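**Student:** Residue numbers (our numbering), protein chains in the order written: chain A, 5 to 212; chain B, 461 to 573.
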């Protein structure tokens, strides 16, 4: 087995560094399998939410149309959508063998993701304040489990990408680390895909 | 573990590859601006209070277009070697649509059994 080389010259850097090795190829297929499973997980939560939307025990509970603020959802959407683009930039620089720029764009992705998470925590705090909690109604349970599972994925993604930035900071780029960065980027895009459906189904269709 | 192919690229090959990637990145940016545009339209239509059924259809359509762009461009599904990725996502989507349609029908549309 050949030795794993870090910081190779540009002309030796493969065209698709993330799938240049068997390990990279396996990671790629395996991760897409996982994303297929994640789709089904979120689908079941969406279906539950759609079934239980506005199911509250009495009229003094707030409904979706009273709770949701479009402005907040819009800002959160923009943050997550932009962070998806910045991780595309990270993968672009990874393919161009530009380690420092890749790290920079990954860091920007983490910052935008953290901004999104902060707004989500603020939002939950506000709702709990208004009496819309996990235990207050079936609507509340379905809402928090759906948005909360997505938020949990954001937390995992943030820890994952931060971990990659720190771990690779001293060792640089190789076909081994390239596969890791690519997988994390795929995960981050998938989080954004799920959010597109959340802001459409939960927030936009919730207020009309 | 990871090993590198021994063959290395010539300068011209490298330059062409870079140019190709820059072009690709420009395409990604176009896709991103389109996604932003769709998001603006979706939020704008809801804020302007159009007919509810009309909004529901259009907004869901926008979401699907955005997700397709995200998969094909941001997640590189349009590139070669993504057959398995497509298979897994199509199967996932099949279950997603089945779950949602079933639950909506049972709870909101169909007659109680």
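We treat Cβ as the ideally placed atom computed from N, Cα and C, and that holds for glycine. Please read these numbers as outputs of a predicted model, since none were measured by experiment.
(1) Whose C-beta lies closer than 7 angstroms to the C-beta of residue 537 (chain B) among residues of the same chain, with five residues either side of it excluded?
(2) Rounded to the nearest angstrom, what separates residue 50 (chain A) and residue 166 (chain A) at their Cα positions?
(3) Looking at residue 84 (chain A): is its Cβ nearer than 7 angstroms to the Cβ of residue 114 (chain A)?
(4) Quick check: what's the CA-CA separation for residue 42 (chain A) versus residue 566 (chain B)?
(5) So with CB distances below 9 angstroms, who are the chain B contacts of residue 83 (chain A)?
(6) With distances taken from CA atoms, which of A:200, A:192, A:186 and A:75 is nearest residue 498 (chain B)?
(7) In chain B, which residues lie less than 7 angstroms from residue 193 (chain A) when you measure between Cβ atoms?
(8) Using only the alpha-carbon positions, how far apart do residue 6 (chain A) and residue 25 (chain A) sit?
(9) Use the C-beta contact count for residue 64 (chain A): other C-beta atoms within 10 angstroms, 16 or more gives buried, fewer gives exposed.
(10) Return helix, strand or coil for residue 137 (chain A), following the three-state DSSP convention.
(11) Compute the Euclidean distance between the alpha carbons of residue 462 (chain B) and residue 27 (chain A), then round it to the nearest angstrom.
(12) In the structure shown, what three-state DSSP assignment does residue 25 (chain A) receive?
(13) Cβ closer than 8 angstroms: which chain A residues qualify as neighbours of residue 495 (chain B)?
(14) So which residues of chain A does residue 564 (chain B) contact, with C-beta pairs closer than 9 angstroms?
(15) Output needed for residue 180 (chain A): all residues of its chain with C-beta closer than 6 angstroms, excluding positions within five of it in sequence on either side, in chain order.
(16) Take residue 157 (chain A) and list the residues in its own chain whose beta-carbon comes closer than 6 angstroms to its own, dropping the five residues that flank it on each side.
(17) For residue 19 (chain A) and residue 477 (chain B), what's the separation of their Cα atoms in angstroms?
(18) Any beta-carbon of chain C closer than 7 angstroms to the one on residue 485 (chain B)?
(19) Would you mind reading off the limits of the alpha helix (DSSP H) that contains residue 254 (chain A)?
(20) Measure from the C-beta of residue 515 (chain B) to each C-beta in chain A and report whether the shortest distance is under 7 angstroms.
(21) Please identify the residue among A:52, A:135, A:95 and A:111 whose C-alpha is closest to the C-alpha of residue 557 (chain B).
(22) Can you find at least 3 beta carbon pairs, one from the stretch 56-71 of chain A and one from the stretch 119-136 of chain A, that sit closer than 8 angstroms?
(23) Can you find the residues in the same chain that come closer than 6 angstroms, C-beta to C-beta, to residue 45 (chain A), ignoring five residues on each side of it along the sequence?
(24) What separation, rounded to the nearest whole angstrom, lies between the Cα atoms of residue 189 (chain A) and residue 168 (chain A)?
**Tutor:** Walking through what the data contain:
(1) The sequence position of residue 537 (chain B) within the second chain is 77, counting from 1. Excluding positions up to five away in sequence, the list reads 531, 545 and 546.
(2) As a working mapping, residue 50 (chain A) is identified with position 46 in the first chain. As a working mapping, residue 166 (chain A) is identified with position 162 in the first chain. Each residue's alpha carbon lies about 29 angstroms from the other.
(3) Here residue 84 (chain A) refers to the residue found at position 80 when the first chain is read from its first residue. Here residue 114 (chain A) refers to the residue found at position 110 when the first chain is read from its first residue. Their beta carbons are not under 7 angstroms apart, which means residue 84 (chain A) does not touch residue 114 (chain A) by this criterion.
(4) Along the first chain, one-based indexing puts residue 42 (chain A) at 38. Along the second chain, one-based indexing puts residue 566 (chain B) at 106. The alpha-carbon atoms of residue 42 (chain A) and residue 566 (chain B) are separated by roughly 24 angstroms.
(5) To locate residue 83 (chain A), count along the first chain from 1; it is residue 79. Neighbours of residue 83 (chain A) across chain B, judged by C-beta separation under 9 angstroms, do not exist; the nearest C-beta is about 12 angstroms away.
(6) Taking the second chain and counting its residues from 1, the one referred to as residue 498 (chain B) is at position 38. Ranked by Cα distance from residue 498 (chain B), the options A:200, A:192, A:186 and A:75 are led by A:200.
(7) Mapped onto the first chain, residue 193 (chain A) falls at position 189. For residue 193 (chain A), the neighbours in chain B by C-beta distance under 7 angstroms run, in chain order, 530, 534 and 535.
(8) Residue mapping note: residue 6 (chain A) aligns to position 2 of the first chain, counting from 1. Residue mapping note: residue 25 (chain A) aligns to position 21 of the first chain, counting from 1. Note that residue 6 (chain A) scores a pLDDT of 41, beneath 50, so its modelled location is shaky and nothing firm can be said.
(9) Numbered from its first residue, the first chain carries residue 64 (chain A) at position 60. Taking every protein chain shown into account, the CB of residue 64 (chain A) has fewer than 16 other CB atoms within 10 angstroms, so this residue is exposed.
(10) Taking the first chain and counting its residues from 1, the one referred to as residue 137 (chain A) is at position 133. Looking at residue 137 (chain A) - three-state DSSP - the assignment turns out to be coil, as it is neither helix nor strand.
(11) In the second chain, counting from the first residue as 1, residue 462 (chain B) sits at position 2. In the first chain, counting from the first residue as 1, residue 27 (chain A) sits at position 23. With a pLDDT of only 47 at residue 462 (chain B), under the threshold of 50, the placement of this residue in the model should not be trusted, and no figure is reported.
(12) Looking up residue 25 (chain A) in the first chain gives position 21. Collapsing the DSSP output to three states places residue 25 (chain A) in coil.
(13) Numbered from 1 along the second chain, position 35 holds the residue referred to as residue 495 (chain B). Those within 8 angstroms of residue 495 (chain B) in chain A are 85.
(14) As a working note, residue 564 (chain B) is residue 104 in the second chain. Neighbourhood of residue 564 (chain B) in chain A, by CB distance below 9 angstroms: 51, 54 and 55, in chain order.
(15) As a position in the first chain, residue 180 (chain A) is number 176, starting the count at 1. Hits under 6 angstroms: 8.
(16) Position 153 of the first chain holds residue 157 (chain A). Within the same chain, residue 157 (chain A) has close Cβ partners 195.
(17) Position 15 of the first chain, counted from the first residue, corresponds to residue 19 (chain A). Position 17 of the second chain, counted from the first residue, corresponds to residue 477 (chain B). When rounded, the separation of the alpha-carbon atoms in residue 19 (chain A) and residue 477 (chain B) is 8 angstroms.
(18) No chain C appears in the structure shown, which is made up of the protein chains A and B.
(19) The question about residue 254 (chain A) has no answer, for chain A in this structure spans 5 to 212.
(20) For the purposes of this step, residue 515 (chain B) is identified with residue 55 of the second chain, where counting begins at 1. The beta-carbon of residue 515 (chain B) is placed less than 7 angstroms from the nearest beta-carbon of chain A.
(21) One-based indexing of the second chain puts residue 557 (chain B) at position 97. Of the listed residues, the one whose Cα sits closest to residue 557 (chain B) is A:52.
(22) Because the criterion of three Cβ pairs below 8 angstroms is met, the stretch 56-71 of chain A and the stretch 119-136 of chain A touch.
(23) Sequence index remark: in the first chain, residue 45 (chain A) carries index 41 (1-based). No residues qualify anywhere along the chain.
(24) Taking the first residue of the first chain as 1, we reach residue 189 (chain A) at position 185. Taking the first residue of the first chain as 1, we reach residue 168 (chain A) at position 164. So the two alpha carbons sit approximately 11 angstroms from each other.
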